[in-house]
Amino acid sequence: MPARSALAITALILGIAAVPLAFVPVLGAPAGITAVIMGIVCLAKKRPPKGFAVSGIVLGALGVVLAVVVVVVTVFGVLSAVGKQQAVSRPGTAQEEQMTSTFNDGVVFDDGIAIGASSPAPYQPGKYATGADQAQNVVLTFVLKNNSDKPYEPYVVIDASSGGVEASRISDYDSGETFNDPTTAVLPGGSVTWKRAFSVADPAALIVQVHVDQHSTVIFTDVH
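In this note's numbering, the protein residues as written are -1 to 222.
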């Protein structure tokens, strides 16, 4: 059999193999591409059997297409699975929208946890206090109440701004005010109270943002 005819037969064999191997893209795609190239070369040389070469090209191209489809489907499947796993690992994601309250008031979450904040009161930092670097200094009292039926371990993040300027957190250990956020578990029906001091540009325009672990972020302000 002429060598050129062997090329057509090889193209056909590779084309046939490329279709089932497409489900293993690392094998199917190279086989399909090789079949297409060999089939085209065979046709260019005008050597029989022409039908083998054409079949090799068609089957090889089909194998490449199938391999690409398999890769795309696999990638999308993996990404979807990762997204679902991340959503499951963050059970509070659905509640991450913001809630708004005024000072001297608060909000109650669906699980019975409640958070409230007092109005800002003037604060006089001690001699060695840090963070008192803006026009006025204020202190707020926060309260977290556990209305659920099991102990609750709080994790609280508090930020503040006023007049479009980020507030500075005051640390004033020499005055006896630690301004530490709560970390001890709160029993059912119990509550915990703590203070935070800030240096702000304008107390009348104060905005305080409180994030309680997986719950919605709560914004306390009297700005309308």
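Glycine included, every Cβ here is placed at the ideal spot set by N, Cα and C.
DSSP three-state call for Ala165: helix, strand or coil?
Ala165 falls in the coil class under three-state DSSP.
Quick one, which of Leu60, Gly54, Gln83 and Thr176 has its alpha-carbon nearest Val126's?
With the sequence shown as reference, residue 126 is identified as Tyr, and Val is not the correct amino acid for it. When each option's Cα is compared against that of Tyr126, the closest is Thr176.
Buried or exposed for Lys143, please, with buried defined as at least 16 other CB atoms from any protein chain shown within 10 angstroms of its CB.
Label assigned to Lys143: buried.
Determine, using beta carbons only, whether Thr100 and Asp200 come nearer to each other than 7 Å.
No, the pair does not count as a contact, with Cβ atoms beyond the cut-off.
Excluding five sequence neighbours on each side, which residues of the same chain lie with their C-beta closer than 7 Å to the C-beta of Ser166?
Here the set comprises Gly129, Asp131, Gln132, Phe196 and Ser197.
Within the chosen definition, does the region 63 to 82 reach the region 39 to 53 through at least 3 CB pairs nearer than 8 Å?
Remark: fewer than three beta-carbon pairs, one from each stretch, lie closer than 8 Å, so the region 63 to 82 and the region 39 to 53 are not flagged as touching.
Which same chain residues, not among the five before or five after Ala203, have their C-beta less than 6 Å away from its C-beta?
Excluding five sequence positions before and after Ala203, the CB atoms of its chain that fall closer than 6 Å to its own CB belong to Ser160, Gly161 and Val221, given in chain order.
Under 7 Å between C-beta atoms of Ala232 and Gly37
It is not possible to answer for residue 232, since the shown part of the chain is limited to -1 through 222.
Need the endpoints of the alpha helix (DSSP H) that Lys43 sits in, please.
Unbroken alpha helix (DSSP H) run through Lys43: Pro23 to Lys43.
Check this for me: beta carbons of Val216 and Val105, under 7 Å apart or not?
Going by C-beta atoms, Val216 is nearer than 7 Å to Val105.
If you draw a straight line from the C-alpha of Asp179 to the C-alpha of Val190, how long is it?
Rounded to whole angstroms, the separation of the alpha carbons of Val190 and Asp179 is 10 Å.
Residues bridged to Asn145 by DSSP?
Residue pairing by DSSP places Asn145 opposite no residue, since no beta bridge is assigned to it.
Tell me the DSSP secondary structure of Thr91 in three-state form.
Low confidence applies to Thr91: its pLDDT is 46, below 50, so where it sits in the model is not reliable, and the reading given next is rough at best. Three-state DSSP puts Thr91 in a helix.
Anyone know if the C-beta pair for Val69 and Pro23 falls short of 7 Å?
Yes, Cβ-Cβ distance for Val69 and Pro23 is below 7 Å.
CA-CA distance, His213 and Gly114?
A straight line joining the alpha-carbon of His213 with that of Gly114 spans about 14 Å.
Who are the near neighbours of Val163 in its chain, counting only those whose CB is closer than 6 Å to its CB and skipping five residues on each side?
Taken in chain order, the residues that qualify are Ala199.
Hey, Tyr150 and Val137: beta-carbon distance below 7 Å or not?
No. Outside cutoff.
Under DSSP, the beta strand (DSSP E) around Lys125 begins and ends at which residues?
Here Lys125 belongs to no beta strand (DSSP E), and DSSP marks it neither H nor E.
Could you name the residues that DSSP lists as bridge partners for Ala115?
Answer is Asp103 and Phe140.
Given His209 as reference, the closest of Asp157, Ser53 and Val67 once Cα atoms are compared
Ranking Asp157, Ser53 and Val67 by Cα distance to His209 puts Asp157 first.
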